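2 protein chains.
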Amino acid sequence: MLDYPALAALAAVIREGSFERGAQALGVTPSAVSQRVRGLEEKLGTVLVQRGQPCVPTELGRTLCSHFDQVRLLEADLDPALKPRLAGNETTPTIRLAVNADSLATWFPDAVTRFVRATGLLLDLTREDEGHTAERLRMGEVLGAVTTDPEPLPGCRAVALGALRYAACASREFVERHFPDGVDPASLTKAPCLRFDHKDRLQARWVRETFDCELQAPTLWVPSTHAFQDFALAGLAWGMQPLLLARDHLAAGRLVELVPGSLLNVRLYWNVVRLHASSLRVLTDAIQAAAREALGRGEKQ
Amino acid sequence: MLDYPALAALAAVIREGSFERGAQALGVTPSAVSQRVRGLEEKLGTVLVQRGQPCVPTELGRTLCSHFDQVRLLEADLDPALKPRLAGNETTPTIRLAVNADSLATWFPDAVTRFVRATGLLLDLTREDEGHTAERLRMGEVLGAVTTDPEPLPGCRAVALGALRYAACASREFVERHFPDGVDPASLTKAPCLRFDHKDRLQARWVRETFDCELQAPTLWVPSTHAFQDFALAGLAWGMQPLLLARDHLAAGRLVELVPGSLLNVRLYWNVVRLHASSLRVLTDAIQAAAREALGRGEKQ
Chain A
1 MLDYPALAAL AAVIREGSFE RGAQALGVTP SAVSQRVRGL EEKLGTVLVQ RGQPCVPTEL
61 GRTLCSHFDQ VRLLEADLDP ALKPRLAGNE TTPTIRLAVN ADSLATWFPD AVTRFVRATG
121 LLLDLTREDE GHTAERLRMG EVLGAVTTDP EPLPGCRAVA LGALRYAACA SREFVERHFP
181 DGVDPASLTK APCLRFDHKD RLQARWVRET FDCELQAPTL WVPSTHAFQD FALAGLAWGM
241 QPLLLARDHL AAGRLVELVP GSLLNVRLYW NVVRLHASSL RVLTDAIQAA AREALGRGEK
301 Q
Chain B
1 MLDYPALAAL AAVIREGSFE RGAQALGVTP SAVSQRVRGL EEKLGTVLVQ RGQPCVPTEL
61 GRTLCSHFDQ VRLLEADLDP ALKPRLAGNE TTPTIRLAVN ADSLATWFPD AVTRFVRATG
121 LLLDLTREDE GHTAERLRMG EVLGAVTTDP EPLPGCRAVA LGALRYAACA SREFVERHFP
181 DGVDPASLTK APCLRFDHKD RLQARWVRET FDCELQAPTL WVPSTHAFQD FALAGLAWGM
241 QPLLLARDHL AAGRLVELVP GSLLNVRLYW NVVRLHASSL RVLTDAIQAA AREALGRGEK
301 Q
């Protein structure tokens, strides 16, 4: 049997990024945390945490943390009468998820609200590009992820959520200045475009699908959904804006589409570990309900 | 003399995260990029990029990229008559900066707009906790950073920008449910609180300054400024909200302060490499002007 107090210490160190803060979160001394983690490492004959700033788990360390999180969720399903006897200083079980920035800025808060209200449990949300969230799940860093990959990962199941729809937008003044003769491959190489980070391929994908060419343009990089839209509104660059956030600006003429009606659909899937814990069922229901409302509606318009 | 086409290849690989995409950004073949980088590594007798997904620079690789960016900025100051003769396929010089999420969501876009309009140059913004942006500058990953550290880093200068002001906020219903007898250290250990990521110590700092105790509470982790506010509005948890974003919600009663009038000031500084390039002077002016308007005003209210 694994040493669960030691696993709790390991999980706290990794979540907080240091032994001191992990100890503080557990309400014990740093030397107690350090002893527990070292004891576990000695027993297993391998390193579980690379000491540094921040402390990061090794592959086995990450697997153990994921296992620990799953055990906590199963414990939460036990007879409520047992709970007061389990432990005094227990922290609330927390489910780690990886979600893309545009979902976090649009429909995902509604899913979280439904889940937290129904269960009283909490979530630890990690932001990651939708094309890379599956990797976080595969690595055991999270128990569920909003992905673009319809295939469930091993040990997981995947459900379709609908599509986030994007429009290639800029201010009217920007379009008149950079595309006086219309948008074409030549003008696109000169007009500045927005990019969230180096994983963001949406602008390139839209250009490929619309003009059958590769995008190569001056780029304004901005890893903030707020600022990404502010920069389009200010006429600094064009970029792919989620319709859920851009619709009002488009209707009011503050933003215009580069090619009217040429939308990009990003289909999203909920990929979650197969674990028969009621909390994960409630979470999946909440995510499906919120997605149905926001993304289903987006699909039809 | 360094081999600058090779440095351009190195910078593109690191910016894009792969040799293929770096090649695409430069409009050359992947094998050309690979040869240039390998040639540079052989000449210097050391590895500059760790091949992987993504490709990441070694310490020397990072230093060389920072040097390359600075040379590009100095080139941009040369006699405009020279420029057409410099190179055909030149990309726009881009300045890399590290900025905290709450600045990106509030006053920083105005600074960027002023700068881009004045110069036509572009920025590559990286999001980082305000307590850790200075580290990115020290590592040579960026040429400037919005920091909380008033001391300039070696080779840099620092200017004060004013303070982002935060209020500890929640919905009225949340406050009534979790703090029926007022906010105190005991009730704070039970009420769920928000945290942006593990670097976010604002909630803990406010509790320490207001109640002289360490915060240890159930936590809802959410690395999105949008969702961070949505979750407070939905009554899921309390958290430190920037006044610039929360003011209207406070005025309308959708959010209330946990302890009215007990604000937290986060003083911000602009820390930038000492390089006599006109673009950096214009950037510093733009940042100071935008900060004066948004943070100066915040300070007085």
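The listed protein sequences correspond, in order, to chains A and B. No gaps in the numbering here: position 62 of the first sequence is 62 in full-length UniProt numbering, and each next residue is one more. No gaps in the numbering here: position 22 of the second sequence is 22 in full-length UniProt numbering, and each next residue is one more. Even glycine gets a Cβ: it sits at the ideal position worked out from N, Cα and C. On a predicted model such as this, the values are computed, not experimentally measured, just so you know.
Check your understanding: What is the DSSP secondary structure of cysteine 193 of chain B, reduced to helix, strand or coil?
Key -> Here residue 193 of chain B corresponds to residue number 193 of the second sequence, with the count starting at 1. Cysteine 193 of chain B falls in the strand class under three-state DSSP.
Check your understanding: Under 7 Å Cβ-Cβ, which residues of chain B neighbour glutamine 50 of chain A?
Key -> Position 50 of the first sequence, counting from 1, holds the residue named residue 50 of chain A. Neighbours of glutamine 50 of chain A on chain B: none; closest Cβ ~16 Å, over 7 Å.
**Study point:** Which listed residue (B/Gly235, B/His132 and B/Lys190) has its alpha carbon closest to that of phenylalanine 174 of chain B
**Key:** Locating residue 174 of chain B in the second sequence gives position 174, where the first residue counts as 1. Of the candidates B/Gly235, B/His132 and B/Lys190, the residue whose Cα lies closest to the Cα of phenylalanine 174 of chain B is B/Gly235.
Review point. Short check: CB of glycine 22 of chain B to CB of valine 13 of chain B, under 8 Å?
Key: For the purposes of this step, residue 22 of chain B is taken as the residue at position 22 of the second sequence. For the purposes of this step, residue 13 of chain B is taken as the residue at position 13 of the second sequence. In this structure, glycine 22 of chain B places its C-beta atom within 8 Å of the C-beta atom of valine 13 of chain B.
Check your understanding: Which residue's Cα is closest to the Cα of valine 183 of chain A: A/Glu257, A/Val142 and A/Gly155?
Key -> Counting from 1 along the first sequence, the entry for residue 183 of chain A is found at position 183. Nearest C-alpha to valine 183 of chain A: A/Glu257.
Review point. Three or more C-beta pairs closer than 8 Å, one from the region 128–147 of chain B and one from the region 92–110 of chain B: is that the case here?
Key: The region 128–147 of chain B, when compared against the region 92–110 of chain B, does touch it at the 8 Å Cβ threshold.
Practice item. Name the residue from A/Leu194, A/Leu143, A/Gln24 and A/His276 whose alpha carbon lies nearest to the alpha carbon of tryptophan 238 of chain A. Key: Here residue 238 of chain A refers to the residue found at position 238 of the first sequence. Looking at A/Leu194, A/Leu143, A/Gln24 and A/His276, the one whose alpha-carbon comes closest to that of tryptophan 238 of chain A is A/Leu194.
Check your understanding: For proline 109 of chain A and chain B, any beta-carbon pair shorter than 8 Å?
Key -> Translated into positions along the first sequence, residue 109 of chain A becomes position 109. The beta carbon of proline 109 of chain A falls within 8 Å of a beta carbon belonging to chain B, placing the residue at that interface.
**Study point:** Pair within 8 Å by beta-carbon distance, arginine 267 of chain A and alanine 163 of chain A
**Key:** Locating residue 267 of chain A in the first sequence gives position 267, where the first residue counts as 1. Locating residue 163 of chain A in the first sequence gives position 163, where the first residue counts as 1. For the 8 Å CB-CB criterion, arginine 267 of chain A and alanine 163 of chain A form a contact.
**Study point:** Test item: CB-CB of threonine 219 of chain B and serine 262 of chain B under 8 Å
**Key:** Taking the second sequence and counting its residues from 1, the one referred to as residue 219 of chain B is at position 219. Taking the second sequence and counting its residues from 1, the one referred to as residue 262 of chain B is at position 262. 8 Å or more divides the Cβ of threonine 219 of chain B from the Cβ of serine 262 of chain B.
Point to revise | For leucine 48 of chain A, three-class secondary structure by DSSP | key: Position 48 of the first sequence, counted from the start, is the residue given in the question as residue 48 of chain A. Three-state DSSP puts leucine 48 of chain A in coil, outside helix and strand.
Practice item. Please work out which residues of its chain come closer than 8 Å, Cβ to Cβ, to aspartate 197 of chain B, disregarding the five sequence neighbours upstream and downstream, and give them in chain order. Key: Here residue 197 of chain B refers to the residue found at position 197 of the second sequence. Residues Asp129, Trp221 and Pro223 of the same chain have their beta carbon placed closer than 8 Å to that of aspartate 197 of chain B, with the five preceding and five following residues left out of the count.
Exercise for review: Please determine, among B/Arg36, B/Ala286, B/Ala252 and B/His226, the residue with the shortest C-alpha to C-alpha distance to arginine 172 of chain B.
Suggested key: For the purposes of this step, residue 172 of chain B is taken as the residue at position 172 of the second sequence. Arginine 172 of chain B has its Cα closest to that of B/Ala252, out of B/Arg36, B/Ala286, B/Ala252 and B/His226.
Point to revise | Whole-number beta carbon distance between phenylalanine 231 of chain A and proline 242 of chain B, since they are thought to touch under 8 Å | key: If you number the second sequence from 1, residue 242 of chain B lands on position 242. If you number the first sequence from 1, residue 231 of chain A lands on position 231. Wrong, their Cβ atoms sit about 19 Å apart, outside the cutoff.
**Study point:** chain B contacts from the region 232–254 of chain A (Cβ-Cβ distance under 7 Å)
**Key:** For chain B, the residues of the region 232–254 of chain A that bring a beta carbon within less than 7 Å of one of its beta carbons are Ala234 and Leu236, in chain order.
Practice item. For chain B, find out if any of its Cβ atoms is closer than 8 Å to the Cβ of proline 5 of chain A; answer yes or no. Key: As a position in the first sequence, residue 5 of chain A is number 5, starting the count at 1. When Cβ-Cβ separations below 8 Å define contact, proline 5 of chain A makes no contact with chain B.
Exercise for review: Grab the span of the beta strand (DSSP E) containing leucine 125 of chain B for me, first residue to last.
Suggested key: As a first step, residue 125 of chain B is located in the second sequence; it is residue number 125 there, counting from the start. Element bounds for leucine 125 of chain B: 122–127.
Review point. For the beta strand (DSSP E) that contains residue 302 of chain A, what are its first and last residues?
Key: Beyond the ends of chain A as shown, which are 1 and 301, falls residue 302 of chain A; an answer cannot be given.
Exercise for review: Since I believe glycine 52 of chain B is in contact with leucine 10 of chain B (beta carbons under 8 Å), could you give me their beta-carbon distance rounded to a whole number of angstroms?
Suggested key: By one-based count along the second sequence, residue 10 of chain B stands at place 10. By one-based count along the second sequence, residue 52 of chain B stands at place 52. Taking a contact as a CB-CB distance under 8 Å, the pair leucine 10 of chain B and glycine 52 of chain B does not count as one, their CB atoms being some 15 Å apart.
Review point. Per DSSP, what kind of secondary structure is glycine 298 of chain B in: helix, strand or coil?
Key: Taking the first residue of the second sequence as 1, we reach residue 298 of chain B at position 298. Confidence at glycine 298 of chain B is low in this model, with a pLDDT of 43, below 50, so its placement is unreliable and no value can be given for it.
Check your understanding: Quick one, which of B/Ala111, B/Leu123, B/Ala32 and B/Arg205 has its alpha-carbon nearest residue 305 of chain B's?
Key -> With chain B covering only 1 through 301, there is no way to say anything about residue 305 of chain B.
Check your understanding: Leaving out five residues before and five after phenylalanine 228 of chain B in sequence, what residues of the same chain have Cβ atoms less than 7 Å from its Cβ?
Key -> To locate residue 228 of chain B, count along the second sequence from 1; it is residue 228. Closer than 7 Å at the Cβ level, and outside the excluded window around phenylalanine 228 of chain B, lie Leu194, Phe196, Val222 and Gly239.
Check your understanding: Who are the neighbours of leucine 104 of chain A on chain B, taking C-beta pairs under 8 Å?
Key -> The residue given as residue 104 of chain A occupies position 104 in the first sequence. Those are Val222, Pro223, Ser224, His226 and Ala227, listed as they occur along chain B.
**Study point:** Interface residues of chain B facing glycine 17 of chain A [CB-CB closer than 9 Å]
**Key:** Position 17 of the first sequence, counted from the start, is the residue given in the question as residue 17 of chain A. Against chain B, a Cβ distance below 9 Å from glycine 17 of chain A picks out His198 and Lys199.
Practice item. Measure the C-alpha to C-alpha separation of alanine 289 of chain A and valine 282 of chain B and round it to an integer number of angstroms. Key: Reading the first sequence from its first residue, position 289 is the one you call residue 289 of chain A. Reading the second sequence from its first residue, position 282 is the one you call residue 282 of chain B. Cα to Cα, alanine 289 of chain A sits roughly 49 Å from valine 282 of chain B.
Check your understanding: Among A/Phe19, A/Lys199, A/Thr106 and A/Gly155, which one has its Cα closest to the Cα of cysteine 55 of chain A?
Key -> Taking the first residue of the first sequence as position 1, residue 55 of chain A is located at position 55. Among A/Phe19, A/Lys199, A/Thr106 and A/Gly155, the Cα nearest to that of cysteine 55 of chain A is on A/Phe19.
Check your understanding: At least one CB of chain B closer than 8 Å to the CB of aspartate 285 of chain A: is that the case?
Key -> Residue 285 of chain A sits at position 285 when you count from the first residue of the first sequence. It does not; no Cβ of chain B falls within 8 Å.
Review point. Quick one: what's got a C-beta closer than 8 Å to proline 150 of chain A's C-beta in the same chain, skipping five residues either side?
Key: Here residue 150 of chain A refers to the residue found at position 150 when the first sequence is read from its first residue. Excluding sequence neighbours, proline 150 of chain A sits near Ala158, Ala160, Arg267 and Tyr269.
Review point. Which term fits arginine 274 of chain B, buried or exposed, when burial requires 16 or more other beta carbons within 10 angstroms of its beta carbon?
Key: Reading the second sequence from its first residue, position 274 is the one you call residue 274 of chain B. Classification for arginine 274 of chain B: exposed.
**Study point:** Residues of its chain near glutamine 216 of chain A, where Cβ-Cβ distance is below 8 Å and the 5 sequence neighbours each way are ignored
**Key:** Start at 1 with the first residue of the first sequence, and residue 216 of chain A comes out as number 216. Once the five neighbours on either side are set aside, the close Cβ partners of glutamine 216 of chain A are Thr189.
Practice item. Report the rounded CA-to-CA distance for serine 103 of chain A versus glycine 140 of chain A, giving the unit in angstroms. Key: As a first step, residue 103 of chain A is located in the first sequence; it is residue number 103 there, counting from the start. As a first step, residue 140 of chain A is located in the first sequence; it is residue number 140 there, counting from the start. When the Cα atoms are used, serine 103 of chain A and glycine 140 of chain A turn out to be separated by approximately 21 Å.
Check your understanding: According to DSSP, is cysteine 213 of chain B helix, strand or coil?
Key -> Residue 213 of chain B sits at position 213 when you count from the first residue of the second sequence. Three-state DSSP puts cysteine 213 of chain B in coil, outside helix and strand.
Check your understanding: Any beta-carbon of chain B closer than 8 Å to the one on glycine 45 of chain A?
Key -> One-based indexing of the first sequence puts residue 45 of chain A at position 45. Taking 8 Å as the threshold, the shortest C-beta distance from glycine 45 of chain A to chain B does not fall below it.
Point to revise | Rounded C-alpha distance that separates alanine 167 of chain A from leucine 264 of chain A | key: One-based indexing of the first sequence puts residue 167 of chain A at position 167. One-based indexing of the first sequence puts residue 264 of chain A at position 264. When rounded, the separation of the alpha-carbon atoms in alanine 167 of chain A and leucine 264 of chain A is 6 Å.
Check your understanding: Using 8 Å as the limit for Cβ to Cβ distance, is residue 374 of chain B near chain A?
Key -> For chain B, the structure presents residues 1 to 301; residue 374 of chain B sits outside this window and is missing.
Exercise for review: Give a yes or no on whether the minimum CB-CB distance between arginine 127 of chain A and chain B is below 8 Å.
Suggested key: If you number the first sequence from 1, residue 127 of chain A lands on position 127. Taking Cβ atoms only, chain B reaches closer than 8 Å to arginine 127 of chain A, which makes this a yes.
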